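Some notes on the structure that comes next.
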Amino acid sequence: MNHTTTSPSFSPSLWNLACARLVRDKIGMLSLGIVLFFILLSVGSFTGLIAQNWDEEIAVNYAPPSFLDTSKEHTDTVSRPVIARQQINLYGLHDPLSAVLNQIELAHPQDTMPPNDEKKLTHLLLGADKWGRSVALKTIKGSETSIMVGLIAAIVATCIGTVLGALAGYFGGWVDDLLNWFYNVFTAIPYLLLIFAIAAVLNQKGVTTIILILGLTGWTGVFRLIRAEYLKHRQREYVLAAKAMGASHYRRMFIHILPNTFHVILVQLSINVVGFIKSEVILSFLGFGVPVDVVSWGSMLNEAQNELVLGIWWQLLGAGAAMAILVTAFSVLTDTLRDALDPKVVA
Amino acid sequence: EAAPLKVLHLSLSAAETGFDPVMTSDLNTAAIEEQIFEPLLTYDYLARPVKLVPRLAQGMPVITDHGKTWLFTLKKGVYFSPDPVFKGKRREVRAQDVAYTIMRFMDPKNRSPYKFLVDHKIVGLDQLGERAKQTGHFDYDANVPGLEVVGPYQLKIHLTGTDYNFGHAMAQPMFGIVAREVIENYAGDTASHPVGSGPYMIGKWIRSASISLIKNPNFRDEVWQFTSTDPSDQDIIRRMTGKKIPQIDEVDLQIVEESQSAYLSFLKGELDVFGVPGQFAPIVLSGNQLKPKLKEQGIQLTRLVDPAITYYFINIQDPILGGMSVQRIALRRAILMSINDEEMIRVIYKGQAFREAFPIPEGVNGHDQHYQSLIQYNPKEANDLLDAMGFMRGSDGYRRQPDGGPLYVKYTTSLTSQDRDLEEIMKKSLDRIGIHFVSEKLKFPEIIRAERQCRVAMRLSSWIADYPDGDNFMQLWYGPHTHENNASCYQNSQWDKLYEKTEMLPDSPERDDIYKQLARLLEIDGVTKVSTSHIRNVLIQPWVIGYKAHPILPSTWSYLDIDTKQEAH
Amino acid sequence: MWAFFIRRLLQMIPTLLGVILLVFFLFNWVGGDPAYILAGKMASPEDIANIRHQLGIDQPWYSQLWIFIQQIVSGNFGDSWATHESVSHIFATRLGPSLVLLIPMMVIETVSAVCFALLVSVFRRSILDQSLMVLSTVMMSISLLVYIIVGQYIFASWLGWFPVKGWGDSLWRNLTYYAPLPIFLGLMVSIAPSLRLYRTFILDEINQDYVRTARAKGLTESRVLFKHVLKNAAIPILTNLLMSLPGLLTGAFLLERFFAIPGIGREIILAVERSDFPIIKAATVYVAIATMFANLAADLLYRYLDPRVSLK
Amino acid sequence: MNKPLLSVQHLSLFFKQGDTSKQVLNDISFDIEKGQTLALVGESGSGKSVTALAIMGLLPEDLVSIDEHSTINWHDQNLTQLSRQQHRQLRGKKIGMIFQDPMSSLNPVMTVGEQLMEGITLHLSLGYKEARLRALELLSEVGIPEPNRRFDAYPHELSGGQQQRVMIAMAICGEPQLLIADEPTTALDVTIQRQILELIKQLTNERHMAVLFITHDLALVGEFADKVVVMRHGSIREVGITRTIFKDAQDPYTRALLLCRPSLAHRPFHLPVVEELLAAPHHGIEPQRERVRGIGAMDQVLMSVKGVSKRFPVTQGLFSRTYFDAVKDVSCTLYRGKTLGIVGESGSGKTTLGLMLAGIIPMTQGHIDYHQDLHNVIGTAQLIQIIFQNPYASLNPRFTIFQIIEEPLLLHFPDMTRQQRKQEVERLVGLVGLSSTMLSRYPHEFSGGQRQRIAIARCLALKPHILVCDESVSALDVSVQAQVLNLLQDLQDQFKISLIFISHDLSVVRYMSDEIMVMHQGRVVETGQSDHVIQSPQMPYTQNLISAIPKGYLL
Ligand SMILES: Nc1ncnc2c1ncn2[C@@H]1O[C@H](COP(=O)(O)OP(=O)(O)OP(=O)(O)O)[C@@H](O)[C@H]1O
Ligand SMILES: Nc1ncnc2c1ncn2[C@@H]1O[C@H](COP(=O)(O)OP(=O)(O)OP(=O)(O)O)[C@@H](O)[C@H]1O
Ligand SMILES: [Mg+2]
Ligand SMILES: [Mg+2]
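Protein chains in written order, with our numbering: chain A, 310 to 656; chain B, 6 to 574; chain C, 498 to 809; chain D, 142 to 696.
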């Protein structure tokens, strides 16, 4: 089998056309630039090139943002009284560890507790969170998780929706009835409860869980559209022609029809990305957020929830603005893509 | 011309669960019930440490027979609030009602969360409960030898054994006296028909949103006459003494779950009293003082140590952390040594907590303020200890079991944002000593289930006093309480024997000495490290008179007054 | 017409069965065991067993399922495990606040989104159109959580224009005093998507041939828009609106929590936190039925509004 | 001579395309006198509709720019200079317009009456009652039966012809002086087409309206127009009185349009094609020798169809289903190397029959016998192939031409190497007259005729014995239609393929077929030798059909 014939690629000319249309659209290009910038950031942080040290507590708690001078240092000189273990009253009880501890203390005298004199910054570019971690670095690191969650979950949702939609729309009959029933059941359950239920089933909290929650709840929209597309296309004459030519079901479904729904899929994909990046915030609010060693915009916004009244606005601003910018850019890009890929819109 | 209505506006952080005292388990509901129902005893408003005083009882009970027989005499002329069930007649509270109230706790249908306060304690009552479980019907007419109605106003309670804490049980709002005909009339829906003898009764009630309490017209004549030697109380005493209870016409309670909303409401004057959540302390406090801006507005601050502790426990039956071998003890101690409570107090609790090493908090009988912890924050020593015990670091920098097996701490938390902070603390701590952190997040009911099944490896738990006695805390590690609330599943016969000894003792120096040993033994075995006690900061609007935070009483609204002129201002 | 109606009603049965099974098994298998909470701090294993017996969760799954189905058929879901309040009463009382929030929100959202959509589709490709579209994209990119936190802080606390939170029992006061800020904040996120959707609906219609015919008749532009275009665009707009209603009922939980509004969304979260299974079951069944009926209503409306479709 | 009613002078018009603009009309000038019918003729995309819309002022302003020297004079007003408001006042009142597709041009959610009343109240300032009376009058004037009942009907409840009548009523309700009819009948059946055109003619005569009649079909023009303007690529090729144009067309393009449509009188061996005619010297090309069609006694029966029916289930009511018989008991025979033509109005079951014969949908009843030579290919794609009605729709838009033509090879000759397949594809492409340099292009990059050729090449790849052509040329311009018909005949000559040729266009079917089968409501009405059926139809239905064929000027 050779490549050109079995894997129908996008029509280079259609694709070129779409690109050409995109390039002409200034706002579209700007948003593409922004999206690429964010993706670059998240790839950079994923590979550890940037924001690797986001969890270092480099500043004092809630260090305010400063754009001029970030070099002021503050020495935390809380001296802690150290009570020698020997002075502690055991009330006549025996400590099985005292022998070991005595040895250790002989080898490394413990009485000089290292004074906590780490130098910490008092100001930071975008301020610091409650642990003194840089909000700027967290925002960058958060982009990695948020974009990854958004992308992978959107891919999962879109794949499920596409495959099921294709099967239902193409075969019709009982396959359609069954899948439609499944769809109806899923859409009839309140979204909120569905989230809780799926979260409870998965029961393991982590980025994967978030991706699965979003993916498993988000496929319905794709399913509906793809099913409709397949219903439309399976009656199209090019499909009948393929049938007359002796093409198998598989071939008709995936090699003939699928490429013709790419524009729908692509647009759904990016709509899902946007939706899921936003949903992650709500999931964090409901307690299904990312684990502690990971930072995401949702977890930042949730932390920031109580900070605004304290007058600490920078974390809210950092994560909120980054998210707003990316999501806006992505949505605009989606719109542009939709127009550019829509065969109906003639330039 | 009628005086303006005095309305106290308050918020609750969680929705009420319905007002049948026997079924109540949460503090918010208890706070409301405290105003509607009256138990036999209560705590003095001003006295610190807290002191039991009579409420429905005429005087303090007469305790005889080594704390086994308690004779209560009721006040006369105490009436339930009006209800259609009474058909327009005034219904007086009698000894029979007290007996009925107590019996209800053993009725399996009521599934009372506070059953433990009378369970196995009253002669003949358990048998009645057992029989009800079999027959499905609780016989309230049965004669219970332990609840001897001596006269219309006298009840003699016979306990199965010595219990000096029984008085505390009789001061709980859940033991507020109810009338049998009311309960039976509203059977199945008692939670929405509270009828008690307290100063207030339910007015308007929008479930889960707002509850308004209005004066009980049948409330007896009672005047404010608390005394105290504390100089800071004198102003309250001066302004309140001699006033009729209650002064406030209506208590308006709103359920506000998000603390930002509650705080902003208070600032706008929509709320009169606001318990500051820890994370908001920096905006209202500088050091221990109210911020000058708030002070200028006349807002008052009262502070109080909560009779509660937070404590880390490690499950002694956990396959990785449990066991009583020296290695495992060392492992647990090292883990507990790696936790920096000071940092937690500073960053998470915003300074509104302090390091408390003793399992019995301040304000509770048996507390020891000089107790020093054996387990101190010392990651260096913890590391040395782990090295010495053979928990070697692998190539990834994390330690393994001496036998090469995997080593990690599965740390259980709930789903709130505060729990995320706790996870962060724990993760940082474990990183200091090179042990893997594994997070387990569960809904609160699931945590409790897991704890009771000894499946929680480690957790930061907290315990708030049900009644101000050390026993309420120490029982948390009692071996037979495994699968109940001994979540560390600690079973040490030496410890258990010492504990059983304390149960037979009243609050005394002798008991305090044993408590110290118990506390130390917990540390030696690396089962628990008591972490903090918290400071409760309450903000009060300038027009609220007579407010003093009480460590045990869930609400004291009937003791307050409002300066309506100032409020209007 | 009746045949269509009855067929659609019959089709709901398998869907409802699916919902019931899914929810039952999801929450029965993995949902928490409320007995441990209800039993209180000091409960003994027997106490817990007693509570499980009282709640019926010690019975085998099939009898529980059977009870569940009986409850659905009789419409009586019993009492909440946590508060002993009857489930039907809970929904009856929580529905009001949710609706007081939702209905004005839907009305304002729809009216203003349709107006804006008409406006921008008339001036499409102009600066007005493009800037309004970008603005709406930015608006919908900000998380509702951020709107609430910031909005409550600024409008209720700082500027003091609205109460911070609360709810009363007078409809008028709720509507005019407590609800405006949450409604406004809700609109911030919900108007933009509707506007964009309606714009495409209207643009779809504006490009149709019959619009050209109407213009060829010499009709004024406003008549063309309001009489011809809007009448056609109203079909997808209204059906879309109707179908989104049940989802919104539970979707406003963030607003309900922050503004202390005793609505359904908040109740459901509370129920899940407490593993209050009767409420969860009832909520699912009610919302599922509402969703199915909304879909049916949307279908009927669609068929009613669009003379081309006949009821078969 | 009077001043013309409408005078278009030097109209040049541009469409914006991104930063560039495309000229769509180039210096168009013509006049319409009062009461005159002017036909605007030309192939698709030549700018006819744009011209009409420019007059109506209905072009999208943000996309179109009109050259400043252009004038469209209506009495003394220059329409290009009018404000929107002024232009609007002319529309409907002075100039009415009928659009191509009646179904989509009527508002689907408003009743016929409402839509009609709108114009009446606006232009005649009548009260509701009077307006209603007037509307009913108009409806009966345009020949709608039972106007009272139709008044409250929605457009979809009317037949295509009735819809078009409503459109006409709407266009004339303001009693305009000029009526623009933009291809008013392309969506309709021949019989209805004739009725509508006659209605327009009658109305214009009664009301002394001028008509701007737009069409691509010169044959129609001959019967209805006084004057003809021939357009191509946005400019005018020829203007003249109808008679002169038909008798003695000056422009080769005009001549081509006249000749490349098959007529009922002749059957040239090849149809003339526009390019040939354009390239030819002034006096035209050599007359072609006639092609002989018809079934002889010697012809071999390849396939005989016996009693084929198709019944579609239609859901109705709660559980009950009714059935719709799309094809009822059809029998026919197909001869080797011959063409069976199938004609019939829309919905008569032609496509359904074709699909059944091609084995794409199963038949409900009946059976098909094949000649024994074909027994080894029964059930395979090599037996019979079908070319679908719309060539564009039958080509996967995401496949290159190479992939499209290669697919049958890939499916049926798995042993072929890629090299062999490539050669075969190139051969096939050559066969249908396309260049192998086009192989990497996509369907949308081809013209309609080329697409039809691609579809044919794809079918030929399987070397089928029978080829079903379902309305293979109905969507094409006459000039392109000629090319495709020529190609099909060439292939038939070369490979002896049997054709089943489905069309509603009788002249095309006659030209292509040896035998004609006429269908009506799923049944065969008449079958016979093609010339015989056309010249002396037996059944009234067939007679009706044949009389409706536009005869042009010459016939
Ligand atoms: N909205 C538009 N944008 C860009 N180009 C257009 C637009 N409308 C028409 N054109 C171009 O103008 C030219 C003339 O179009 P027009 O519709 O007048 O053709 P026509 O002669 O009416 O053809 P047909 O017989 O197919 O209706 C075509 O090349 C077409 O591509
Ligand atoms: N899948 C189907 N289900 C139900 N009815 C159908 C189906 N396909 C076709 N029909 C009906 O069968 C009849 C014949 O349709 P068919 O497409 O064969 O007509 P046609 O002669 O090809 O018409 P046209 O000239 O418009 O192409 C029509 O009335 C059509 O509505
Ligand atoms: Mg045209
Ligand atoms: Mg057809």
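Where is the CB? At the ideal position from N, CA and C, for every residue including glycine.
Computed from a predicted structure; not experimentally measured.
#1: Is valine 310 of chain B closer than 8 Å to serine 498 of chain B when the C-beta atoms are compared?
#2: Taking tyrosine 695 of chain C as the reference, which of C:Leu751, C:Glu606 and C:Ile734 has the closest Cα?
#3: Which whole-angstrom value describes the C-beta separation of isoleucine 337 of chain D and threonine 345 of chain D, a residue pair presumed to lie in contact below a C-beta threshold of 8 Å?
#4: Does the contact criterion of 3 or more C-beta pairs under 8 Å hold for the region 131 to 146 of chain B versus the region 516 to 534 of chain B?
#5: Any heavy atom of ligand 1 closer than 7 Å to the beta-carbon of serine 246 of chain D?
#6: If you follow the beta strand (DSSP E) that glutamine 63 of chain B is part of, which residue opens it and which one closes it?
#7: Would you call the region 716 to 735 of chain C in contact with the region 639 to 652 of chain C, where contact means no fewer than 3 C-beta pairs closer than 8 Å?
#8: Within 10 Å of its beta-carbon, does leucine 535 of chain C have 16 or more other beta-carbons around it, so buried, or fewer, so exposed?
#9: Output needed for isoleucine 607 of chain D: all residues of its chain with C-beta closer than 6 Å, excluding positions within five of it in sequence on either side, in chain order.
#10: Once you ignore the five residues that flank aspartate 436 of chain B on each side, which residues in its own chain have a CB closer than 8 Å to its CB?
#11: Exposed or buried, what is tryptophan 658 of chain C when buried is set at 16 or more other beta-carbons lying within 10 Å of its beta-carbon?
#12: Could you name the residues, in chain order, whose CB is less than 6 Å away from a heavy atom belonging to ligand 2?
#13: My output table needs one value for tyrosine 50 of chain B: the three-state DSSP class, helix, strand or coil.
#14: Which value, in whole angstroms, describes the spacing of the CA atoms of alanine 467 of chain D and isoleucine 643 of chain D?
#15: Three-state secondary structure (DSSP) at tyrosine 416 of chain B?
#16: Leaving aside the five residues before and after alanine 104 of chain B along the sequence, list all residues of the same chain whose C-beta is less than 8 Å from its C-beta, in chain order.
#17: Look at asparagine 615 of chain A and serine 264 of chain B and say whether their C-beta atoms are less than 8 Å apart.
#18: Quick one: grab the DSSP three-state call for histidine 661 of chain D.
#19: Which of helix, strand or coil does DSSP assign to cysteine 314 of chain D?
#20: Please state whether DSSP places serine 318 of chain A in a helix, a strand or coil.
#21: Listing by chain order, which chain D residues have their CB less than 7 Å from the CB of histidine 565 of chain A?
#22: May I ask you to verify whether the region 57 to 69 of chain B touches the region 34 to 45 of chain B, counting CB pairs closer than 8 Å and requiring at least 3?
#23: Between the region 486 to 496 of chain D and the region 661 to 670 of chain D, do at least 3 Cβ pairs fall closer than 8 Å?
#24: Please go through the same chain and pick out, in chain order, the residues whose beta-carbon is closer than 8 Å to the beta-carbon of valine 573 of chain A, but skip the five residues on each side of it.
#25: With H, G and I counted as helix, E and B as strand and the rest as coil, what does DSSP make of tryptophan 558 of chain C?
#26: Around the C-beta of glycine 188 of chain D, are 16 or more other C-beta atoms found within 10 angstroms, so that it is buried, or is it exposed?
#27: In chain order, what residues of the region 499 to 520 of chain A put their CB closer than 7 Å to some CB of chain C?
#28: Over what stretch of residues does the alpha helix (DSSP H) that includes arginine 454 of chain B continue unbroken?
#29: Return the first residue and the last residue of the alpha helix (DSSP H) that methionine 609 of chain A is part of.
#30: If I'm right that proline 499 of chain A touches threonine 747 of chain C with Cβ under 8 Å, what's the distance once you round it to whole angstroms?
#31: Counting only the same chain and skipping the five closest in sequence on each side, list residues whose C-beta sits under 8 Å from that of asparagine 569 of chain A.
#32: Which of the three DSSP states, helix, strand or coil, is assigned to leucine 641 of chain C?
Judging by the given coordinates:
#1: no
#2: C:Ile734
#3: Rounded, the Cβ-Cβ distance is 13 Å, inconsistent with contact.
#4: no
#5: no
#6: Taken as a continuous stretch (DSSP letters only), glutamine 63 of chain B belongs to no beta strand (DSSP E), as it is neither H nor E.
#7: A contact between stretches requires three or more CB pairs, one per stretch, nearer than 8 Å, and the region 716 to 735 of chain C fails this requirement with the region 639 to 652 of chain C.
#8: Looking at its Cβ environment, which holds 16 or more other Cβ atoms inside 10 Å, leucine 535 of chain C is buried.
#9: Ile525 and Ser639
#10: Phe442
#11: exposed
#12: D:Phe453, D:Phe465, D:Ala467, D:Gly485, D:Ser487, D:Gly488, D:Ser489, D:Gly490, D:Lys491, D:Thr492, D:Thr493 and D:His645
#13: Residue state, collapsed to three classes: coil.
#14: Roughly 16 Å between the two C-alpha positions.
#15: strand
#16: Val149, Leu152, Val154 and Leu160
#17: yes
#18: strand
#19: It is coil, neither helix nor strand.
#20: Below a pLDDT of 50, predicted positions are generally treated as unreliable, and serine 318 of chain A, at 39, falls in that range; no measurement from the model is reported.
#21: Asn537
#22: yes
#23: yes
#24: Leu534, Ile535 and Glu538
#25: helix
#26: buried
#27: Answer set for the region 499 to 520 of chain A: Pro499, Tyr500, Leu501, Leu502, Phe505, Ala506, Ala509, Val510 and Asn512.
#28: Residues 449 to 457.
#29: Residues 606 to 613.
#30: 4 Å
#31: Glu538 and His542
#32: helix
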